[in-house]
Amino acid sequence: MKIKSAVSLCFIIVLLCVSLCGCSPFTSDAESLLAAPKLTGELRPVQEALERSINGKYSLKFPASGETKSAITLVDLDGDGNNEAVAFYSTSVDNTVTLHVSVLGSENGEWNCYSTQKIVAGGIERVHFVDTDGDSSKEIVVGWNVYGAVDKTVSVYDYTGKSLMVLIEEPYTTFVLCDLDNGFSSDLLTVYLDQAAVSAQAKYFDITVRGVAQLGVCTLDPNVTAYYDPTLVKMSEDKYALYIDCVKGAGLVTEILYVENGSLVTPFYNDETKETVDTYRPQIVPCRDIDGDSIPEIPIMIEQPVNVNHSASAAYLTVWKSFDGEKLAPKFYTLMNYSDGYTLNISEELAQVSATVRNLETRERIIYEYDYKNEKFGREIFRVRVVSKTSYDSGIYNEGYVLLATGETQVWLAKLSEAAKEFHIDEKTIKEMFTLIGG
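In C-alpha cells form, the structure reads like this:
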C-alpha cells in the first residue's frame, strides 16, 4: 500500500510540474481530444456535412470578437438569395494545429462541403462578411491569431463557383474595412507594428473583381505599443479619414490617415525624428467628439507652471484640437481632473492668462492669473474643491462656496475671488463651466 501511494504521489507531482511549465505530456491542442459540441436546429445538418468532409477529429473555432461570434454562420455569399454556411474549425496533426474555413451549400435539402482553405494559426480574432469589390457578393475577411495576440494575419477570401480562393493575406496589428478613396466599396487598411524591427506601417489595399492592388503605404510612429480601434470619420462631402489612438509610453498619440492625390497620407509623422509628436499627450486621454459634429477632437495636454507652495507636480490644461484637413486648430480648453472626476471648460481668453495649480492635500484645483512672459503667478481667480458629504452636511462650507454637484459620498464646491468678476465668472457661469466626468 505504501509503495502504491508513493507511486501515485510521484505521478501527481510529475503532472503538476508539467502543467506548471505550461507544457502538456499528451498534446499541444487539448481541444482536439474533445468531441465538437453537437449543434441543433438548422445548423445540425450543416455540422453533419462538415463532419463527413473532415472524417476525423476536429474542434469548432469561435471568433473572439467582430460581427459574428459563431463557429458556423449562415450567410448568402454569392448573392443568389440562398444561404451558404461558413464554418471555422481546427485539426491537429503531429502537434501542429491548423485552422480551416469551409463553405458548405445545400442542394435539394442536402448540405455538402464545397471548398476549404487552411492556415497554421491558434485562433480567430474576428470575422466579417462584406462586399469588398462591388460585385454584389460577399467576401470573407478573417483576422487570424497566428501566435497569441501578437502575430496576426488578415485573410480575404472570395467565393465564386463553389470555390473559395485567397485574395490577400497580410500581417496586421489592427485592420479596418473602409472606403477612403470614394471607390464605393470597402477596401482593406492594415496597420502593422513590428516591435522587434522598431517599425510601423499602414497599407491600403483596393480589392476589385480584377484582383488586389496596394493603393498606398505610409510609415507610422514605431515607438507605440498598442492601438485602439480605428475610427472612420467623414471630414467633408468627399473626404474620409481614419483616426487611430496609439499607446505610447504612459500616454497616447493620435495618427490620422487619409488618401490624397492617390497616396496614403499621415500628416503628423515626422520623417526626421521618426515619430509622431504633435498629437502626443502624457496621459491615457482618447480622442472624442466634444461638440457633436461627428469629428473627434484630439486632446493636447499642456503642462502648467508649478506653484511649490501647493504641489510639487504639475496640473495640465487640455486643449481639444480639430483637424481641418491641413492643420490642428484649438477648439476647446478644459481642465480635466480625473482623480476627482470632473471637467472645467474655460475660455481661450482665460487659458492664455491663467495657470492651474493642484493641491492634492486639500483636493483642490486653484486657478491663478499667470504672466507667462515673466513666469509669475498673480491673483487667485477661483478654486474648485472636493469634500466629503459628511463635512459638507456639517455646514462648514455654507459660507463663500458655490455648490456644483453632490454625489453619494462627496460634494464638489467652487470658491470665487473678486478677480473672477473681471473674467465674467459668477455663480451661474462656474456651474455651467463644471461637468462631472461620465455625466
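In this text, residue positions in the sequence shown follow this note's numbering: the first is 33, and each later residue adds one.
Cβ coordinates follow ideal geometry from the N, Cα and C atoms, glycine included.
Nothing here was measured: the structure is a model prediction, and the numbers come from that model.
The beta-carbon distance between residue 271 and residue 324, rounded to whole angstroms, is 20 Å. This is too long to meet the 8 Å contact definition.
Note that the C-beta distance between residue 355 and residue 276 is not below 8 Å. In the DSSP assignment, residue 438 falls within the unbroken beta strand (DSSP E) covering 434-438.
DSSP places residue 73 in the helix class (H, G or I) of the three-state scheme. Annotation for residue 185: 176, 178, 201, 203 place their beta carbon closer than 6 Å to its own, counting only its chain and skipping 5 residues before and after.
Restricting attention to beta strand (DSSP E) runs no shorter than 3 residues, the stretch 159-230 encloses them at 171-179, 183-192, 195-204, 206-210, 219-226, ordered along the chain.
By the neighbour-count criterion, in which 16 or more other beta carbons inside 10 Å mark a residue as buried, residue 326 falls on the exposed side. In the structure shown, the three-state DSSP call for residue 343 is coil. Residue environment: residue 216 is assigned as exposed (fewer than 16 neighbouring CB atoms within 10 Å of its CB, all protein chains considered). For residue 240, the CB contacts under 7 Å within the same chain, skipping 5 residues up- and downstream, are 165 in chain order.
In the same chain as residue 452, and ignoring 5 residues on each side of it, the C-beta atoms closer than 6 Å to its own belong to 413, 414, in chain order.
Closest by C-alpha distance to residue 403, out of 385, 153, 228, is 385. Within the model, the alpha-carbon separation for residue 347 versus residue 371 is close to 12 Å. Taken in chain order, the whole beta strand (DSSP E) runs of length 3 or more contained in the stretch 380-465 are 386-391, 396-403, 408-420, 434-438, 442-448. Within the DSSP bridge table, the entry for residue 338 names no partner.
Under the three-state reduction of DSSP, residue 268 is assigned to strand.
Between the stretch 259-269 and the stretch 296-309 there are fewer than three inter-stretch CB-CB distances shorter than 8 Å, so the stretches are not counted as touching.
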